[in-house]
Each structure stands twice: as structure tokens, then as C-alpha cells.
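Engineer: Okay, so the sequence shown: first residue is 4 according to the working numbering, each after it adds one.
Idealized CB from N, CA, C, for every residue including glycine.
Just so we're clear, the structure is a prediction, and the values are computed from it rather than from any experiment.
Got a structure here, written out as C-alpha cells. Questions coming.
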Amino acid sequence: MTPEDFAGPTPEARDAQLRQYRARAAYYDSFALEGVNNDWKHPTVVSARAAYEATVTELVGLLGEQADCRLVDTDLWSAFSDAHKDDVGFRPRTPRSRTAVLRWFENLKATAEHS
């Protein structure tokens, strides 16, 4: 997604989506910084992830728990889209709420644990 893809239902939501876009990029970029060496617990990485998660919290507050996951948590949606394709052979074709996506991952994990 690019900043042009964001068209939040309100100016506040669009601003938060743009901040999320930048925070997500900063999070993934933080792994490449000198001295980080892909350390998930490195303070720079933890701080960048916290900044991203703050945008998720803000967007859920603005748009609600049942808002399309793509609008409130692009990182979760990306992971879901990839996992859905791996699991069923195609990417999701309909909007899913963040709550539904989290539940889908819980069900997938439970199924894997019982296999």
C-alpha cells in the first residue's frame, strides 16, 4: 500500500492511517539498522513496534472493532492475507474486521495444535 491508497472515512482516520503507514515502514526498516541484527527485542525495534501499535489502537478507537482490518491494522491484514492464501489457496476476497482476523489466527493455531 502507498499513502495514496488511504482514504479514511474521516480526515482524522486518514491522518492516522498515514501515520500507521510510516510507522510500519519505520518498524521494518529498524531491523536493518546497524547494530540491530534482526533482534526483535532490540530497543529500537521495540520502540518502532510500539509506535505502530499506537496507530492500531487509535484507528480502532476512531473506526471501531468491526472496521475492515485493512483500515485499522495493515500489518495484521498483510499477515492474514499471506496465511489465508497458504491455508486455502487464495487471498481473502471480502473485507474482514480486525476481530475476525484475530479469531481466524486463533482458530488456525488451535487447529495446528490438534493436528
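Measure the CB-CB distance between Ala29 and Ala51 and report whether it falls below 7 Å.
Structural biologist: Position 26 of the sequence shown, counted from the first residue, corresponds to residue 29. Position 48 of the sequence shown, counted from the first residue, corresponds to residue 51. Result yes, Cβ atoms of Ala29 and Ala51 sit closer than 7 Å.
Engineer: Thinking C-alpha only, which one of Val75, Gly67, Asn41 is nearest Ala3?
Structural biologist: Outside the displayed span of the chain (4 to 118) sits residue 3, for which this structure offers no information.
Engineer: Between the alpha carbons of Val59 and Thr47, how many angstroms are there, rounded?
Structural biologist: Locating residue 59 in the sequence shown gives position 56, where the first residue counts as 1. Locating residue 47 in the sequence shown gives position 44, where the first residue counts as 1. Near 19 Å, if we compare the C-alpha coordinates of Thr47 and Val59.
Engineer: Figure out for me which residue from Leu111, Ala54, Ala70 has the closest Cα to the Cα of Tyr31.
Structural biologist: Numbered from 1 along the sequence shown, position 28 holds the residue referred to as residue 31. Closest by alpha carbon: Ala54.
Engineer: Assign Asp71 to one of three DSSP states: helix, strand, or coil.
Structural biologist: Mapped onto the sequence shown, residue 71 falls at position 68. Asp71: strand per DSSP, three-state reduction.
Engineer: Ordered along the chain, which non-local residues of its own chain (more than five positions away) have a Cβ less than 6 Å from that of His45?
Structural biologist: Taking the sequence shown and counting its residues from 1, the one referred to as residue 45 is at position 42. Closer than 6 Å at the Cβ level, and outside the excluded window around His45, lie Val39.
Engineer: Along the chain, where does the alpha helix (DSSP H) containing His87 start, and where does it finish?
Structural biologist: Here residue 87 refers to the residue found at position 84 of the sequence shown. Here the alpha helix (DSSP H) through His87 covers 77 to 91.
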